[in-house]
Each structure stands twice: as structure tokens, then as C-alpha cells.
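What follows is a single structure, written as C-alpha cells, with notes after it.
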Amino acid sequence: MITSRPVDISGRFVGVAVSGHDGWHFKAIDPQVDDLDGARFSSPAEAARVARLLLERERGTQRTPRLQPVA
């Protein structure tokens, strides 16, 4: 029997964890977590944890750099 769980990060639906014979596989819905598409995890919670880390990394790389004051 196939079971699936939505993966929601802070109210943002990013993908689905789908059970398989060798663990849980992640199906990305949000383009920012495409790197995880097809990845295998031990649980839906682990898939959500890694997706959260990936989103945090993406946010960190897209921050506007602070301007340095001119002396």
C-alpha cells in the first residue's frame, strides 16, 4: 500500500513524501527544493527537515548584501 504525506514548511507546500519498499521518496512541488526530487529518506519528518534546510540555504543566498558606510 502506498502512503503519502504532504511536506509543508512554515505554511508553504513544497512537496510530498511517498512511501516505498526502500523508504520514503520526496517529490518536489516547489522549484526551490527541486534538488531533493527523488531523494530517499527514512521518514516524512526527515524529508521535511532536509527541505527546511534547503529553503533556509536558498534564502541565505538571495539576501540583499548590506552596504558598507562610506568613510
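14 is the number that the UniProt record's numbering gives to position 14 of the sequence shown; each next residue is one higher, with no gaps. Quick reminder that beta carbons are idealized off the backbone N, C-alpha and C, glycines included.
Member of 53, 16, 58 and 34 whose CA lies at the smallest distance from the CA of residue 2: Selected option, being the one with the closest Cα: 16.
Exposure label - residue 4; buried when at least 16 CB within 10 Å: The residue is exposed, with fewer than 16 neighbouring Cβ atoms inside 10 Å.
Taking only the alpha-carbon atoms, compute the straight-line gap between residue 30 and residue 57 and give it to the nearest angstrom. About 15 angstroms.
Can you find the residues in the same chain that come closer than 7 angstroms, C-beta to C-beta, to residue 49, ignoring five residues on each side of it along the sequence? Nothing listed; no residue qualifies.
Since residue 44 and residue 14 are thought to touch, with beta carbons under 8 angstroms apart, how far apart are those beta carbons, to the nearest angstrom? Cβ atoms of residue 44 and residue 14 stay farther apart than 8 angstroms, at about 12 angstroms.
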